[in-house]
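Numbering (full-length UniProt numbering), first residue to last: 1 to 323.
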(Lines of atoms letter the chains of each structure in order from A and count residues from 1; the text may use other names and numbers.)
(Lines give C-alpha, C1' and ligand atoms only; values in the text may rest on other atoms or scores of the structure.)
Protein backbone atom coordinates (compact mmCIF):
# COMPACT_ATOMS: atom_id res chain seq x y z
CA UNK A 1 0.00 0.00 0.00
CA UNK A 2 3.05 2.27 -0.05
CA UNK A 3 2.37 5.21 -2.34
CA UNK A 4 -1.41 4.61 -2.48
CA UNK A 5 -3.91 7.25 -1.48
CA UNK A 6 -6.29 6.39 1.33
CA UNK A 7 -6.88 6.27 5.05
CA UNK A 8 -7.36 3.05 6.95
CA UNK A 9 -10.63 2.98 8.84
CA UNK A 10 -10.88 -0.76 8.31
CA UNK A 11 -11.11 -1.11 4.55
CA UNK A 12 -7.37 -1.12 3.88
CA UNK A 13 -6.90 -3.70 6.63
CA UNK A 14 -9.53 -5.92 5.03
CA UNK A 15 -7.81 -5.64 1.67
CA UNK A 16 -4.45 -6.41 3.32
CA UNK A 17 -5.84 -9.67 4.72
CA UNK A 18 -7.42 -10.44 1.35
CA UNK A 19 -4.12 -9.96 -0.47
CA UNK A 20 -1.82 -11.67 2.01
CA UNK A 21 -3.95 -14.80 2.24
CA UNK A 22 -3.94 -15.01 -1.57
CA UNK A 23 -0.18 -14.49 -1.52
CA UNK A 24 0.40 -17.41 0.85
CA UNK A 25 -0.89 -19.96 -1.65
CA UNK A 26 1.08 -18.77 -4.69
CA UNK A 27 2.88 -21.80 -6.16
CA UNK A 28 6.28 -20.10 -6.25
CA UNK A 29 6.44 -20.19 -2.45
CA UNK A 30 5.86 -23.94 -2.22
CA UNK A 31 3.71 -23.79 0.92
CA UNK A 32 0.38 -24.97 -0.46
CA UNK A 33 -0.71 -26.88 -3.51
CA UNK A 34 -3.97 -26.85 -5.40
CA UNK A 35 -6.13 -29.93 -5.11
CA UNK A 36 -7.41 -30.77 -8.59
CA UNK A 37 -10.08 -32.89 -6.94
CA UNK A 38 -11.86 -30.04 -5.17
CA UNK A 39 -10.28 -26.71 -6.22
CA UNK A 40 -9.21 -26.25 -2.60
CA UNK A 41 -5.73 -25.81 -1.13
CA UNK A 42 -3.75 -28.28 0.94
CA UNK A 43 -0.28 -28.28 2.49
CA UNK A 44 2.43 -28.98 -0.08
CA UNK A 45 3.71 -32.55 0.15
CA UNK A 46 7.33 -31.90 -0.88
CA UNK A 47 9.13 -29.07 0.87
CA UNK A 48 12.50 -27.57 1.66
CA UNK A 49 13.23 -27.56 5.40
CA UNK A 50 14.11 -23.87 5.03
CA UNK A 51 10.40 -23.20 4.49
CA UNK A 52 9.29 -24.33 7.95
CA UNK A 53 9.37 -20.79 9.34
CA UNK A 54 7.08 -19.75 6.49
CA UNK A 55 4.62 -22.55 7.33
CA UNK A 56 4.59 -21.21 10.88
CA UNK A 57 4.01 -17.70 9.52
CA UNK A 58 1.11 -18.95 7.38
CA UNK A 59 -0.49 -20.51 10.45
CA UNK A 60 -0.11 -17.25 12.36
CA UNK A 61 -1.76 -15.25 9.56
CA UNK A 62 -4.80 -17.56 9.47
CA UNK A 63 -5.19 -17.36 13.25
CA UNK A 64 -4.84 -13.58 13.11
CA UNK A 65 -7.69 -13.48 10.58
CA UNK A 66 -9.96 -15.02 13.20
CA UNK A 67 -8.69 -12.88 16.08
CA UNK A 68 -9.13 -9.68 14.03
CA UNK A 69 -12.49 -10.85 12.62
CA UNK A 70 -11.19 -10.71 9.07
CA UNK A 71 -12.09 -13.03 6.20
CA UNK A 72 -9.48 -15.37 4.71
CA UNK A 73 -9.81 -15.27 0.92
CA UNK A 74 -8.55 -18.82 0.42
CA UNK A 75 -10.42 -22.05 1.11
CA UNK A 76 -8.69 -25.25 2.17
CA UNK A 77 -9.47 -28.95 2.23
CA UNK A 78 -11.32 -30.32 5.25
CA UNK A 79 -8.09 -32.02 6.30
CA UNK A 80 -6.38 -28.64 6.85
CA UNK A 81 -9.08 -27.50 9.26
CA UNK A 82 -8.93 -30.85 11.08
CA UNK A 83 -5.16 -30.47 11.46
CA UNK A 84 -5.65 -27.09 13.12
CA UNK A 85 -8.22 -28.61 15.50
CA UNK A 86 -6.19 -31.81 16.07
CA UNK A 87 -9.21 -33.89 15.04
CA UNK A 88 -8.94 -37.48 13.76
CA UNK A 89 -9.28 -38.19 10.05
CA UNK A 90 -11.80 -40.42 8.29
CA UNK A 91 -11.83 -41.85 4.79
CA UNK A 92 -14.28 -39.09 3.73
CA UNK A 93 -11.53 -36.51 4.31
CA UNK A 94 -9.64 -37.99 1.35
CA UNK A 95 -12.37 -37.14 -1.14
CA UNK A 96 -11.27 -33.51 -1.54
CA UNK A 97 -7.58 -34.46 -1.58
CA UNK A 98 -7.18 -37.72 -3.54
CA UNK A 99 -10.43 -38.93 -5.05
CA UNK A 100 -8.90 -42.04 -6.63
CA UNK A 101 -7.49 -43.21 -3.30
CA UNK A 102 -10.78 -42.32 -1.60
CA UNK A 103 -12.81 -44.53 -3.95
CA UNK A 104 -10.25 -47.32 -3.68
CA UNK A 105 -10.39 -47.38 0.11
CA UNK A 106 -14.18 -47.10 0.10
CA UNK A 107 -14.30 -50.20 -2.09
CA UNK A 108 -11.93 -52.06 0.25
CA UNK A 109 -14.24 -51.29 3.17
CA UNK A 110 -17.35 -52.40 1.29
CA UNK A 111 -16.04 -55.62 -0.24
CA UNK A 112 -15.23 -58.95 1.39
CA UNK A 113 -11.45 -58.87 1.23
CA UNK A 114 -11.16 -62.64 1.64
CA UNK A 115 -13.34 -63.28 -1.40
CA UNK A 116 -11.75 -60.65 -3.63
CA UNK A 117 -8.29 -60.92 -5.09
CA UNK A 118 -7.15 -57.53 -3.76
CA UNK A 119 -3.44 -57.96 -4.48
CA UNK A 120 -2.86 -55.36 -1.77
CA UNK A 121 -0.32 -55.38 1.02
CA UNK A 122 0.18 -53.33 4.16
CA UNK A 123 2.43 -50.89 2.34
CA UNK A 124 2.23 -48.03 -0.15
CA UNK A 125 4.24 -47.38 -3.30
CA UNK A 126 5.16 -43.74 -3.79
CA UNK A 127 8.02 -41.46 -4.88
CA UNK A 128 10.60 -39.59 -2.81
CA UNK A 129 11.56 -35.94 -3.23
CA UNK A 130 13.91 -36.89 -6.09
CA UNK A 131 11.19 -38.76 -7.98
CA UNK A 132 12.52 -42.22 -7.18
CA UNK A 133 9.98 -45.00 -6.63
CA UNK A 134 9.97 -46.31 -3.07
CA UNK A 135 7.84 -48.65 -0.93
CA UNK A 136 6.80 -47.58 2.56
CA UNK A 137 5.62 -50.18 5.07
CA UNK A 138 2.46 -49.13 6.89
CA UNK A 139 3.27 -51.65 9.63
CA UNK A 140 6.49 -53.51 10.33
CA UNK A 141 7.12 -55.89 7.44
CA UNK A 142 3.99 -54.56 5.75
CA UNK A 143 5.12 -55.32 2.19
CA UNK A 144 4.88 -59.02 3.03
CA UNK A 145 1.48 -58.83 4.80
CA UNK A 146 -1.57 -59.13 2.49
CA UNK A 147 -4.72 -57.12 3.18
CA UNK A 148 -7.48 -59.41 4.44
CA UNK A 149 -10.98 -59.05 5.82
CA UNK A 150 -9.46 -59.19 9.32
CA UNK A 151 -6.98 -56.33 8.84
CA UNK A 152 -8.62 -54.18 6.15
CA UNK A 153 -9.85 -51.54 8.61
CA UNK A 154 -6.32 -51.20 9.97
CA UNK A 155 -5.02 -50.93 6.40
CA UNK A 156 -7.50 -48.17 5.51
CA UNK A 157 -6.70 -46.16 8.63
CA UNK A 158 -2.98 -46.52 8.02
CA UNK A 159 -3.44 -45.33 4.43
CA UNK A 160 -5.47 -42.33 5.61
CA UNK A 161 -2.77 -41.43 8.13
CA UNK A 162 -0.03 -41.83 5.54
CA UNK A 163 -1.79 -39.64 2.97
CA UNK A 164 -3.00 -36.90 5.32
CA UNK A 165 -0.49 -37.00 8.19
CA UNK A 166 2.81 -38.79 7.66
CA UNK A 167 3.78 -37.39 4.26
CA UNK A 168 3.20 -33.79 5.44
CA UNK A 169 4.06 -34.21 9.13
CA UNK A 170 6.96 -31.74 9.36
CA UNK A 171 5.22 -28.87 7.60
CA UNK A 172 1.96 -29.62 9.46
CA UNK A 173 3.71 -29.35 12.82
CA UNK A 174 5.13 -25.92 11.91
CA UNK A 175 1.83 -24.70 10.44
CA UNK A 176 -0.26 -25.85 13.41
CA UNK A 177 2.25 -24.53 15.97
CA UNK A 178 2.19 -21.10 14.32
CA UNK A 179 -1.62 -21.06 14.33
CA UNK A 180 -1.86 -22.09 17.99
CA UNK A 181 0.78 -19.55 19.04
CA UNK A 182 -1.78 -16.86 18.12
CA UNK A 183 -5.02 -18.74 18.83
CA UNK A 184 -4.56 -21.52 21.44
CA UNK A 185 -6.39 -24.78 20.87
CA UNK A 186 -8.52 -24.44 24.01
CA UNK A 187 -10.42 -21.58 22.38
CA UNK A 188 -11.34 -23.85 19.48
CA UNK A 189 -12.32 -27.04 21.31
CA UNK A 190 -16.09 -26.83 20.57
CA UNK A 191 -15.52 -26.37 16.83
CA UNK A 192 -15.87 -28.88 14.01
CA UNK A 193 -13.87 -28.55 10.79
CA UNK A 194 -16.93 -27.00 9.13
CA UNK A 195 -17.31 -24.50 11.97
CA UNK A 196 -13.68 -23.43 11.65
CA UNK A 197 -13.97 -23.06 7.88
CA UNK A 198 -17.03 -20.83 8.26
CA UNK A 199 -15.36 -18.77 10.99
CA UNK A 200 -12.16 -18.32 8.98
CA UNK A 201 -13.50 -17.96 5.45
CA UNK A 202 -17.03 -16.73 6.00
CA UNK A 203 -19.79 -17.69 3.60
CA UNK A 204 -19.39 -17.23 -0.14
CA UNK A 205 -22.98 -18.24 -0.87
CA UNK A 206 -24.68 -14.86 -0.71
CA UNK A 207 -28.21 -14.71 0.69
CA UNK A 208 -29.79 -11.79 -1.16
CA UNK A 209 -32.71 -11.47 1.26
CA UNK A 210 -30.35 -11.31 4.25
CA UNK A 211 -28.29 -8.70 2.40
CA UNK A 212 -31.39 -6.64 1.56
CA UNK A 213 -32.83 -6.75 5.08
CA UNK A 214 -29.52 -5.58 6.53
CA UNK A 215 -28.94 -2.67 4.15
CA UNK A 216 -29.28 0.97 5.17
CA UNK A 217 -30.17 3.88 2.84
CA UNK A 218 -28.72 7.35 3.29
CA UNK A 219 -28.93 10.98 2.08
CA UNK A 220 -32.38 10.70 0.58
CA UNK A 221 -32.50 7.14 -0.66
CA UNK A 222 -35.06 4.67 0.70
CA UNK A 223 -36.14 1.15 -0.10
CA UNK A 224 -38.73 2.72 -2.43
CA UNK A 225 -36.23 4.70 -4.53
CA UNK A 226 -36.11 3.70 -8.20
CA UNK A 227 -32.35 3.28 -8.21
CA UNK A 228 -32.47 1.10 -5.09
CA UNK A 229 -34.94 -1.15 -6.88
CA UNK A 230 -32.60 -1.27 -9.89
CA UNK A 231 -29.70 -2.17 -7.57
CA UNK A 232 -31.48 -5.20 -6.14
CA UNK A 233 -32.74 -6.20 -9.58
CA UNK A 234 -29.13 -6.21 -10.81
CA UNK A 235 -27.95 -8.19 -7.78
CA UNK A 236 -30.58 -10.85 -8.52
CA UNK A 237 -29.46 -11.05 -12.15
CA UNK A 238 -25.83 -11.60 -11.15
CA UNK A 239 -24.35 -15.03 -10.56
CA UNK A 240 -22.71 -15.70 -7.21
CA UNK A 241 -19.21 -14.83 -8.46
CA UNK A 242 -20.41 -11.44 -9.70
CA UNK A 243 -22.13 -10.80 -6.37
CA UNK A 244 -18.87 -11.60 -4.59
CA UNK A 245 -17.11 -9.09 -6.81
CA UNK A 246 -19.70 -6.43 -5.98
CA UNK A 247 -19.34 -7.26 -2.30
CA UNK A 248 -15.57 -6.90 -2.55
CA UNK A 249 -15.94 -3.56 -4.32
CA UNK A 250 -18.02 -2.13 -1.47
CA UNK A 251 -16.64 -3.94 1.60
CA UNK A 252 -13.14 -5.08 0.64
CA UNK A 253 -13.96 -8.74 1.17
CA UNK A 254 -15.42 -11.46 -1.04
CA UNK A 255 -17.30 -13.27 1.72
CA UNK A 256 -19.65 -12.44 4.56
CA UNK A 257 -19.31 -13.27 8.26
CA UNK A 258 -20.61 -16.64 9.39
CA UNK A 259 -23.57 -14.93 11.11
CA UNK A 260 -24.64 -13.00 8.02
CA UNK A 261 -24.80 -9.43 6.73
CA UNK A 262 -25.90 -7.99 10.07
CA UNK A 263 -22.37 -8.68 11.31
CA UNK A 264 -20.29 -7.09 8.55
CA UNK A 265 -17.27 -5.42 10.11
CA UNK A 266 -16.52 -1.70 9.72
CA UNK A 267 -14.01 0.71 11.18
CA UNK A 268 -15.55 0.62 14.64
CA UNK A 269 -17.05 -2.86 14.89
CA UNK A 270 -20.16 -4.14 13.16
CA UNK A 271 -21.38 -1.86 10.39
CA UNK A 272 -24.12 -2.75 7.95
CA UNK A 273 -23.98 -2.42 4.18
CA UNK A 274 -25.31 0.99 3.09
CA UNK A 275 -26.18 2.86 -0.11
CA UNK A 276 -25.66 6.64 -0.02
CA UNK A 277 -27.16 9.12 -2.52
CA UNK A 278 -25.08 11.77 -4.29
CA UNK A 279 -26.33 14.13 -7.00
CA UNK A 280 -23.35 14.25 -9.39
CA UNK A 281 -24.39 11.72 -12.03
CA UNK A 282 -21.24 12.38 -14.10
CA UNK A 283 -19.18 10.27 -11.73
CA UNK A 284 -18.98 6.51 -11.35
CA UNK A 285 -20.23 4.83 -8.17
CA UNK A 286 -17.61 4.75 -5.43
CA UNK A 287 -17.06 2.67 -2.32
CA UNK A 288 -16.03 3.56 1.20
CA UNK A 289 -14.83 0.10 2.13
CA UNK A 290 -14.03 1.13 5.69
CA UNK A 291 -17.73 1.80 6.20
CA UNK A 292 -19.25 -0.82 3.83
CA UNK A 293 -20.79 2.10 1.96
CA UNK A 294 -21.72 2.31 -1.72
CA UNK A 295 -21.81 5.92 -2.93
CA UNK A 296 -24.35 5.81 -5.72
CA UNK A 297 -25.31 8.79 -7.92
CA UNK A 298 -28.99 9.00 -8.74
CA UNK A 299 -28.76 8.10 -12.42
CA UNK A 300 -31.72 8.87 -14.68
CA UNK A 301 -32.09 5.46 -16.28
CA UNK A 302 -31.63 1.83 -15.30
CA UNK A 303 -29.29 1.21 -18.26
CA UNK A 304 -27.01 4.06 -17.19
CA UNK A 305 -27.01 2.82 -13.60
CA UNK A 306 -26.05 -0.74 -14.58
CA UNK A 307 -23.37 0.34 -17.03
CA UNK A 308 -21.67 2.69 -14.55
CA UNK A 309 -21.81 0.32 -11.57
CA UNK A 310 -20.35 -2.52 -13.62
CA UNK A 311 -17.68 -0.15 -14.94
CA UNK A 312 -16.75 0.89 -11.40
CA UNK A 313 -16.48 -2.77 -10.36
CA UNK A 314 -13.83 -3.37 -13.03
CA UNK A 315 -11.36 -1.64 -10.72
CA UNK A 316 -12.11 -3.79 -7.70
CA UNK A 317 -8.53 -5.10 -7.55
CA UNK A 318 -6.82 -1.79 -8.25
CA UNK A 319 -6.44 -0.88 -4.57
CA UNK A 320 -8.59 1.32 -2.37
CA UNK A 321 -9.02 5.00 -3.16
CA UNK A 322 -11.05 6.95 -0.64
CA UNK A 323 -12.39 10.37 -1.52
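Glycine is no exception: its CB is placed at the ideal position from the N, C-alpha and C atoms.
Please read these numbers as outputs of a predicted model, since none were measured by experiment.
- By the Cβ criterion, the region 57 to 64 is in contact with the region 11 to 30, since at least three pairs of Cβ atoms, one from each stretch, lie closer than 8 Å.
- The three-state secondary structure of residue 218, taken from DSSP, is strand.
- The alpha-carbon separation between residue 287 and residue 138 amounts to approximately 56 Å.
- Exclusion of the five residues before and after residue 82 leaves 89, 93, 193 as the residues of its chain whose Cβ lies within less than 7 Å of its Cβ.
- Judged by DSSP secondary structure, residue 123 falls within the beta strand (DSSP E) whose first and last residues are 123 to 127.
- A straight-line Cα-Cα distance of about 45 Å links residue 14 and residue 136.
- With a cut-off of 8 Å on Cβ pairs, the region 110 to 118 is not in contact with the region 66 to 84, counting fewer than three such pairs.
- By alpha-carbon distance to residue 49, the top candidate from 39, 31, 68 is 31.
- DSSP, reduced to helix, strand and coil, places residue 270 within a strand of the structure shown.
- The Cβ atoms of residue 294 and residue 228 do not sit closer than 8 Å to each other.
- Assignment of residue 288 by DSSP, reduced to helix, strand and coil, places it in the strand class.
- Judged by DSSP in its simplified three-state form, residue 43 adopts strand.
- In summary, residue 39 is exposed, with fewer than 16 beta-carbon neighbours lying within 10 Å of its beta-carbon over all protein chains present.
- Residue 41 and residue 176 have their C-alpha atoms some 16 Å from each other.
- Secondary structure remark: continuous alpha helix (DSSP H) runs of at least 4 residues inside the region 49 to 73, in chain order: 52 to 67.
- Under a 10 Å Cβ-count criterion, residue 109 is classified as exposed, with fewer than 16 other Cβ atoms of the shown protein chains found around its own Cβ.
- For the 8 Å CB-CB criterion, residue 200 and residue 47 do not form a contact.
- Following the DSSP letters along the chain, one finds residue 115 in no alpha helix (DSSP H), marked with neither H nor E.
- A direct Cα-Cα distance of roughly 50 Å separates residue 163 from residue 307.
- Of 86, 178, 210, 149, the smallest CA-CA separation from residue 272 is found for 210.
- In the DSSP assignment, residue 278 is bridged to 297.
- For residue 70 and residue 85, the gap between their C-alpha atoms comes out near 19 Å.
- By the Cβ neighbour-count rule, residue 72 is buried, with 16 or more other Cβ atoms within 10 Å of its own.
- Contact annotation, residue 204 with residue 275: C-beta distance approximately 22 Å; criterion of less than 8 Å not satisfied.
- Beta-bridge pairing by DSSP links residue 146 to 121.
- The count of Cβ pairs closer than 8 Å, one atom from the region 297 to 311 and one from the region 227 to 243, reaches three, so the stretches are in contact.
- Around the C-beta of residue 34, fewer than 16 other C-beta atoms lie within 10 Å, and the residue is accordingly described as exposed.
- Runs of beta strand (DSSP E) with 3 or more residues, each lying fully within the region 131 to 203, are found at 133 to 137, listed in chain order.
- DSSP places residue 249 outside any beta strand (DSSP E); the residue lies instead in the alpha helix (DSSP H), whose first and last residues are 240 to 251.
- The residue from 151, 45, 261, 312 with its alpha-carbon nearest to that of residue 297 is 312.
- Taking 8 Å as the cut-off, the beta carbon of residue 247 is found no closer than this to the beta carbon of residue 208.
- Distance between residue 260 and residue 112, taken at the CA atoms: about 47 Å.
- In the three-state scheme derived from DSSP, where H, G and I count as helix and E and B as strand, residue 314 is classed as coil.
- Under DSSP, residue 33 takes part in a beta bridge, and its partners are 42.
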